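Undergrad: Numbering (our numbering), first residue to last: 51 to 281.
For glycine and all other residues, C-beta sits at the position ideal for the given N, C-alpha and C.
This structure is a prediction, so every number in the text was calculated from the model and none was measured.
Sharing a structure, written as structure tokens. Questions coming.
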Ligand SMILES: [Zn+2]
Ligand SMILES: [Zn+2]
């Protein structure tokens, strides 16, 4: 792990991260909506006042990544960055369940289609209007962070990652580090293209990523990921 004091706030199954900058913090993702109060309790516990969050980068608009976002925006007054292709999903609160890349995940997708009413009730989130729309790599220097946002498609077409200058990459759901539905280690069983997720991870390594912070599971280093994908 490289030198950068990252705070992790676990919201159920989703890890959110706070990255320090010149004058505050960059937040990666929000969790499911039920974790709003818990998020603010955790912030208080680690000693970060809400107004210190300057920018929230949403890796993609799935309910387990944006549920607390409007509450965070209201309380922290931070800007929200999202891929331009997912801005309408965020501002309308539209729930999307991703397709599966493996059979068990495809089955889950099929079942959520059958049980639409139940799924949409569990997966709803409060809409939030984004402030920064991203469709190409951008520097976050003007927001006070030595980091870039890099589009990393695969889990969704508009998936984004944040890569800091010391090589920490916050990758949302293009990689995971927990067994989900029998998938290979580090491989997300959900997404529109497993190949695109792999290509996005390779691109991050080419851009300088040394350590990965997924939204689901513990961080891992690039050499472990490379060893796994070459097996
Ligand atoms: Zn997702
Ligand atoms: Zn997720």
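Can you grab the Cα-Cα spacing for the pair residue 189 / residue 254, in whole Å?
TA: The straight-line gap from Cα to Cα measures roughly 14 angstroms.
Undergrad: Alpha carbon to alpha carbon, how far is residue 174 from residue 133? Give it in angstroms, no decimals.
TA: Near 20 angstroms, if we compare the C-alpha coordinates of residue 174 and residue 133.
Undergrad: Closer than 8 angstroms is the cut-off here; do at least three beta carbon pairs connect the segment 243 to 258 with the segment 66 to 85?
TA: No contact exists between the segment 243 to 258 and the segment 66 to 85.
Undergrad: Compare the C-alpha of residue 135 against each of 263, 201, 116 and 269 and name the closest.
TA: Nearest of 263, 201, 116 and 269 to residue 135, Cα basis: 201.
Undergrad: Quick one: complete alpha helix (DSSP H) runs, 4+ long, within the segment 72 to 118?
TA: Complete alpha helix (DSSP H) runs here, min 4: 86 to 96 and 113 to 116.
Undergrad: Nearest-angstrom Cα distance between residue 172 and residue 103?
TA: So the two alpha carbons sit approximately 28 angstroms from each other.
Undergrad: Which residues have their C-beta within less than 6 angstroms of a heavy atom of ligand 1, listed in chain order?
TA: Residues with a Cβ closer than 6 angstroms to any heavy atom of ligand 1, in chain order: 110, 112, 148, 205 and 223.
Undergrad: What's the call for residue 160, buried or exposed, on a 16-neighbour Cβ count within 10 Å?
TA: So residue 160 counts as exposed.
Undergrad: When the Cα atoms are used, what is the spatial distance from residue 275 to residue 269?
TA: In a straight line, the C-alpha of residue 275 is about 11 angstroms away from that of residue 269.
Undergrad: Report the option in 182, 206, 177 and 115 whose CA atom is closest to the CA atom of residue 149.
TA: Cα-wise, what sits closest to residue 149 is 206.
Undergrad: Taking its Cβ as the centre, do 16 or more other Cβ atoms sit within 10 Å of residue 79, making it buried, or is it exposed?
TA: When all chains shown are included, residue 79 counts as buried.
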